[in-house]
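**Q**
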Ligand SMILES: NC(=O)c1ccc[n+]([C@@H]2O[C@H](COP(=O)([O-])OP(=O)(O)OC[C@H]3O[C@@H](n4cnc5c(N)ncnc54)[C@H](OP(=O)(O)O)[C@@H]3O)[C@@H](O)[C@H]2O)c1
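Numbering (our numbering), first residue to last: 1 to 312.
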């Protein structure tokens, strides 16, 4: 039994090592800064500010304690993210210690100014919302939040009225709403149509394409920037392709891994501004960031990607 476990562990470690070495090779060849220079950017429709198309989520991955063993890998993830040209870091008071960890690590690395912090309010009531958002400013160690979003539409009318005032005062730069499930898309579409928003954050991936029907067109029509959560299906997309090779044509469309295949599909939707995959591993971060360079698949190639994935 022990031998089996250690054999499995050994294989996983070797595979991870090979993958990391491969990524490191590409990385060394291009040099981190070359990758940063080549990062694809899309404009926030209301202002024209450009954002790199690959961001970083923090749900679960950054919810760790203060210990060195837990924080060192995340410090490296964040450091490489910035070095490779990343800016958008998404968090929430719902994610346990994640906001505080992201804030601490950004301060230690001295990269706060390079980052675009997106966090959320996730509570009912005006005063409770103000208190919670003020705590987020402290945890992320900033006086001005780049983007404050109403998490899962919780008490959104109340919080949006606070956020509009804060936007006028310059306390927040952009405001938005989020959700993570297709069952909320109809309500989200109504909110997008009725409220003056800068951003919406929604679930979209090769495994969850519902947003294409209504929400992404509404966002484009209303000139609302779109962040994509669960772009890797919370990791579930990898289960579907386990042991299956990439199609031969993947390389021609700039995808050297399944992660890049999944992410290029998401960021190439014309209404999508930025995908925010989460990872706790530097090798995965480097892999993901490579989806954000080169060219983006055309509509025809997107269809080919979706058909291929659906047939697996
Ligand atoms: N309601 C909301 O507002 C809402 C809801 C859901 C999510 N979000 C936001 O969106 C972010 C992203 O969504 P998510 O975290 O649910 O899911 P996701 O980004 O689709 O997937 C994350 C998972 O994929 C794995 N992964 C990442 N890169 C990989 C790679 N290159 N190769 C293999 N595995 C890889 C990660 O594990 P490793 O650590 O092993 O890499 C992790 O388990 C969240 O972190 C959060 O910030 C917001």
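Here a beta-carbon is modelled for each residue, glycine too, at the ideal position from N, C-alpha and C. What you are looking at is a predicted structure, and each value in this text was computed from that prediction instead of being measured.
Would you say residue 183 and residue 262 are within 8 Å of each other, going by their C-beta atoms?
**A** The answer is no: Cβ separation not under 8 Å.
**Q** Is the separation between the beta-carbon of residue 199 and that of residue 147 shorter than 8 Å?
**A** Cβ atoms of residue 199 and residue 147: closer than 8 Å.
**Q** Which whole-angstrom value describes the C-beta separation of residue 156 and residue 172, a residue pair presumed to lie in contact below a C-beta threshold of 8 Å?
**A** So it is not a contact: roughly 15 Å between Cβ atoms.
**Q** Verify the contact flag: residue 54, CB atom, against every heavy atom of ligand 1, threshold strictly below 7 Å.
**A** The answer is no for residue 54.
**Q** I'd like the ranges of any beta strand (DSSP E) spanning at least 3 consecutive residues and lying wholly in the stretch 25-106.
**A** You should have 41-43, 50-52 and 88-90.
**Q** Report back the beta-carbon spacing between residue 220 and residue 291 to the nearest angstrom; my notes put them in contact at under 8 Å.
**A** Contact doesn't hold; Cβ gap of about 21 Å is too wide.
**Q** Of all the beta strand (DSSP E) runs that stay within the bounds of the stretch 141-167, which reach a length of 3 or more residues?
**A** Counting only runs of 3 or more, we get 145-150.
**Q** If you draw a straight line from the alpha carbon of residue 138 to that of residue 128, how long is it in whole angstroms?
**A** Cα to Cα, the separation comes out at about 16 Å.
**Q** In this structure, what does DSSP give as the bridge partners for residue 202?
**A** In the DSSP output, where bridge partners are listed per residue, residue 202 has 228.
**Q** Is residue 179 near ligand 1 - that is, is its Cβ less than 7 Å away from at least one heavy atom of it?
**A** For ligand 1, at least one heavy atom lies less than 7 Å from the Cβ of residue 179.
**Q** Look at the Cβ atom of residue 106, then the Cβ atom of residue 78, and state whether they are nearer than 8 Å.
**A** Result yes, Cβ atoms of residue 106 and residue 78 sit closer than 8 Å.
**Q** Indicate the three-state DSSP secondary structure (helix, strand or coil) for residue 179 in the structure shown.
**A** In this structure, residue 179 counts as coil in the three-state DSSP scheme.
**Q** Taking 8 Å as the limit between beta carbons, can you name the residues of its chain near residue 76, skipping five residues before and five after?
**A** Closer than 8 Å at Cβ, skipping near neighbours: 282.
**Q** Where does residue 119 sit, in a helix, a strand or coil, going by DSSP?
**A** If DSSP states are grouped into helix, strand and coil, residue 119 belongs with the strands.
**Q** Which of the three DSSP states is assigned to residue 312 in this structure?
**A** It is coil, neither helix nor strand.
**Q** To which residues of the same chain is residue 294 closer than 8 Å at the C-beta, ignoring the five residues directly before and after it?
**A** 38, 40 and 254.
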